[in-house]
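Read through the structure below, which is laid out as structure tokens, and then see the notes.
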Amino acid sequence: MDDGYDPRAIERKWQARWRDEGTYEVDNDDPRPPFYCLCMYPYPSGAAHQGHVRNYTFGDLIVRHKTMAGHAVLSPMGFDSFGLPAENAAIKTGVHPRPFTDDRIAQLKASIERLGAVYDWRREVRSHDPSYMRWTQWIFLRLLEVGLAYRRRAPVNWCPGCQTVLANEQVLADGTCERSGDVVTKRDLEQWFFRITAYADQLLDDLDGLDWPERVKTMQRNWIGRSEGAEFDLAVDGRPEVTVRVFTTRPDTTFGMTYAVLAPEHPLVGELTTADQAEEVGAFVARVATESEVERQTTEGPVDKRGVFTGSHVVNPFNGKAVPVYLADYVLMGYGTGAIMAVPGEDQRDWDFAAAYGLPVIRTVAPPEGWKGEAYTGDGPAINSEWLDGLAKDEAVAKAIDWLEERGIGRRTVNYRLRDWLLSRQRFWGCPIPVVYCPDHGVVAVPDDQLPVLAPDDVEFRPTGESPLKSHEGFLTTTCPTCGGPATRETDTMDTFVDSSWYFLRFTDAANDQAPFDPAVAAHWLPVDQYIGGIEHAILHLMYARFFTKALADLGVAPKDLREPFARLFTQGMIRMGGSKMSKSKGNLVDPSGYFDTVGADALRLFHLFVGPPADDFDWTDQTDEIVNGCARYLARVWRLATGQVTPVEGTQPVDDLVHATHRLIARVDDDYERWSYNTAVAACMEFTNLVYRHVQSGASGLEVDAAVDSLLLLLAPMTPHITAELWERRKGDGALVHAEAWPEADPALAVVARETMIVQVNGKVRDRIDVAADVGEAEMQRLALASPRVEAALEGRTPARVVTRPPNLVNLVVTR
RNA sequence: GCCCGGAUGGCGGAACGGUAGACGCGGAGGACUCAAAAUCCUUUGUCCGAAAGGGCGUGCGGGUUCGAAUCCCGCUCCGGGCACCA
């Protein structure tokens with residue numbers, strides 16, 4: 050066949066045209082209604098992999114569809130170009146991270162273009178570009194001014210493999226580094242933090258208004274971990290001037306306190322340890338200090354090794370009774386007050402500890418009849434609690450807190466699991482933190498007009514645990530902006546999540562050199578109407594970006610009423626191979642370029658849309674290539690149909706309602722696009738293609754066929770842009786652009802069907818199928834049903850006791866058995 | 001341990017409480033061809049049956065309903081998140 054489908058040629062042609070003509074560039078004053086569609090900007094790890102292909106296929110579909118539907122669609126792309134791999138490569142090969150990164154960006158960009166995904170490249174941002182770094186640093190300084198960035202000495206997570214500290218969010222539940230897998234240890238270091246905890250309540254409450262996957266919202270809620278309760282003081286027995294403050298979510302159970310526990314690191318440990326217990330306590334504290342997080346957090350092993358008696362007692366303010374004070378490693382200094390009252394009757398950990406140390410148990414909530422468990426944490430009437438007796442849990446909690454507040458012993462309080470965001474990194478390939486240290490003036494911000502602070506290129510890359518900047522005299526030594534005296538620069542750089550916490554704002558106004566972006570312009574586009582990315586960012590990136598948006602809005606940098614950056618979020622499923630996520634580090638990537646060279650980008654895109662629900666994970670197997678080939682075969686079929694190369698087949702009957710079928714297809718694809726059901730949208734198009742194909746095989750041609758094929762091409766245009774653009778141009782003449790056409794509209798009057806299949810059931814079992822008019826009445830349906838010989842046989846002479854009729858598809862005859 | 005998902009042919013997957021298995025892959029048979037590829041046609045859950053037709057079928061056990069893959073209760077297995085958070 051001379052005029053076959055040649056994906057490589059047409060894909061090259063159209064990609065060049067979209068690029069050269071700036072087809073998807075959009076200006077900020079575009080009068081069409083704005084729509085901001087964004088895929089999470091990638092870390093440039095080289096050429097695109099199938100995860101990128103999947104992500105950008107979904108994004109590009111939306112960009113093209115919304116454009117055809119009449120929107121001005123903002124579709125930007127950039128690169129999250131700071132990060133460890135480039136620096137690790139530098140240590141290994143000596144190549145500076147910048148050319149290494151630029152080279153990988155070029156590769157990734159080229160494969161994104163070969164996919165046919167279109168962006169307004171004028172707005173491209175790169176985290177490591179000085180014009181972007183300048184504003185990242187500027188934003189840091191604004192946060193510093195209002196105290197949302199601060200520096201303190203803190204026990205931090207140290208990864209020996211990465212030779213840097215990590216944020217809590219980067220340490221996995223088993224105590225290992227999410228990147229290197231090394232066991233993370235604790236170190237006491239001066240570090241920079243963002244006060245994300247100041248926004249804990251807002252970050253929690255505003256989740257409710259977001260059109261996000263429920264599981265992502267749940268993950269964030271769990272991460273923030275809000276718990277309400279009370280703090281109060283326990284006076285040390287015999288020394289009323291010394292008090293221990295405890296936090297509890299169950300102040301209603303205080304009458305059941307039989308001991309109290311401090312974290313081993315608690316500042317009062319020395320104060321409370323009596324002489325005769327000093328040796329034992331000292332040994333315990335020393336042992337816990339040398340334990341890694343993993344060892345400490347394990348729930349394995351004997352409980353009786355996990356605590357020690359201090360020798361002191363504290364007084365329960367509710368009943369005046371003294372109880373012993375223990376240290377235990379299961380109480381954490383970093384949560385609440387680092388000290389607890391222990392109520393074994395209503396807390397299983399306390400129960401276990403009490404059992405191991407021979408401490409008494411007093412139940413203060415009556416467990417249900419027949420309760421066989423140990424600690425009972427449920428609701429029930431209070432017992433053994435004097436003036437709380439008989440109250441339900443909520444009432445007792447409220448009354449207990451009131452009691453504490455009235456006496457000035459304690460107060461109602463809220464605790465969060467969320468910690469402040471540790472942002473400093475002892476690495477080179479990141480955005481420098483723009484402060485200097487002056488012997489006289491302490492921490493001094495680098496003035497705005499001296500930004501960006503850039504790292505020098507002539508550094509040595511060595512895995513020393515400190516930034517290479519620390520050993521670069523030229524960078525390190527500077528003068529104090531305040532007094533002009535000698536000073537040293539901060540050599541730590543920022544976590545790369547800082548870069549990605551505001552890039553979506555920069556896209557709206559990427560060339561601005563007076564401000565990170567104009568708030569009015571940002572207000573025009575934001576919040577992002579559709580954000581698309583991987584589930585792996587459910588906590589880290591999405592929480593940080595929300596925090597930045599709120600903080601910047603409060604600072605007046607971002608629009609004041611912009612409380613959330615991403616109105617609608619879609620998290621695509623992972624692509625797995627052999628049971629694990631496809632990734633470069635696992636070495637199980639399937640390179641898309643081979644597909645671009647053979648079946649073409651359109652077929653690969655169609656495959657990703659067709660293979661299953663976008664939110665579900667997908668297993669790449671030996672059979673996967675067959676499905677990709679099937680998609681290529683389908684496109685070749687569309688090609689033949691649209692170029693008049695369908696061979697007539699003797700005896701094929703024409704289809705009689707092509708117009709109706711067309712409108713039904715439009716309605717269906719619309720619905721499927723709306724609910725992210727692309728796999729069924731593709732299936733509907735395939736089904737329709739088969740219908741039109743059969744029609745043409747019968748020898749039919751003419752306006753009806755042309756209209757059907759045109760509609761099909763319009764509906765496929767967002768999914769497979771190259772082939773549809775080429776076919777449209779061939780059918781409509783030079784200059785005709787399918788993606789400039791209006792999105793087709795389904796006419797409800799034409800989407801109806803004339804005939805329907807009525808099913809007849811006897812006792813819910815299908816016994817016959819009868820072709821009926823779509824507007825058939827109930828009486829007629831019942832007449833037809835009873836007239837059916839098959840139904841008659843199934844009734845076996847019985848008369849239906851009841852008839853359920855659902856026009857026009859169902860009659861159910863119910864007979865008693 | 002707690003909280004979310006999920007389980008449907010040989011495979012990926014469809015199915016507002018109303019025809020289970022759309023669409024595709026793979027398989028079988030056929031047309032075209034010297035032959036192959038490509039293309040086109042037919043067929044394809046399973047069991048009984050020559051056929052007509054019928055039985056059985058959505059992880060397991062119950063329930064609600066005229067009617068359940070779908071809703072409810074109780075399990076099993078798989079995936080994910082959180083996990084000494086007081």
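All residue numbers for the first sequence refer to my numbering, where the first residue is 50 and numbers rise by one. Glycine included, C-beta positions come from ideal geometry on N, C-alpha and C.
Cα-Cα separation between residue i and residue j, rounded to whole angstroms
i	j	result
residue 50	residue 668	Because residue 50 carries a pLDDT of 42, less than 50, the predicted location of this residue cannot be relied on, and the following value inherits that uncertainty. For residue 50 and residue 668, the distance between alpha carbons rounds to 36 Å.
residue 841	residue 810	11 Å
residue 721	residue 793	14 Å
residue 153	residue 262	32 Å
residue 288	residue 609	52 Å
residue 864	residue 266	50 Å
residue 867	residue 451	As displayed, the chain neither begins before 50 nor continues past 866, which places residue 867 out of reach and without an answer.
residue 643	residue 143	31 Å
residue 444	residue 616	38 Å
residue 612	residue 603	9 Å
residue 534	residue 487	8 Å
residue 295	residue 277	13 Å
residue 814	residue 804	23 Å
residue 436	residue 449	9 Å
residue 662	residue 725	8 Å
Residue closest to residue i, alpha-carbon to alpha-carbon, out of the options
i	options	result
residue 155	143, 777, 141, 173	173
residue 106	831, 768, 822	768
residue 431	300, 656, 708, 163	300
residue 742	695, 387, 123, 625	695
residue 593	468, 766, 857	468
residue 313	296, 374, 649, 262	374
residue 200	289, 474, 291, 436	474
residue 337	552, 515, 381, 78	381
residue 184	558, 816, 291	558
residue 207	391, 231, 520	231
residue 652	103, 72, 62	103
residue 280	239, 257, 457	457
residue 673	52, 76, 83, 99	99
residue 95	335, 64, 127, 159	159
residue 424	306, 235, 384	306
residue 753	393, 364, 710	710
residue 215	133, 148, 760, 138	133
residue 749	698, 832, 784, 781	698
residue 702	264, 717, 112, 740	740
residue 90	415, 679, 124	124
residue 655	387, 492, 110, 63	110
residue 689	618, 671, 773	773
Terminal residues of the beta strand (DSSP E) in which residue i lies
i	result
residue 597	No beta strand (DSSP E) holds residue 597; the alpha helix (DSSP H) holding it covers 589-604.
residue 362	356-364
residue 579	579-583
residue 805	804-811
residue 319	Counting along the chain, residue 319 falls outside any beta strand (DSSP E), though it belongs to the alpha helix (DSSP H) covering 318-321.
residue 240	234-243
Cβ separation of residue i and residue j, assumed to be a contact under 8 Å, to the nearest whole Å
i	j	result
residue 108	residue 166	7 Å
residue 485	residue 536	4 Å
residue 249	residue 270	Contact doesn't hold; Cβ gap of about 11 Å is too wide.
residue 408	residue 318	Not a contact, Cβ separation roughly 19 Å.
residue 856	residue 827	6 Å
residue 795	residue 705	Not confirmed; about 19 Å, so no contact.
Residue span of the alpha helix (DSSP H) that contains residue i, given as start and end
i	result
residue 124	Segment: none, residue 124 is in no alpha helix (DSSP H) and carries neither H nor E.
residue 105	99-117
residue 737	727-746
residue 183	179-194
Contact check, residue i vs residue j, beta carbons under 9 Å
i	j	result
residue 645	residue 163	yes
residue 544	residue 471	yes
residue 780	residue 755	yes
residue 384	residue 464	yes
residue 509	residue 516	no
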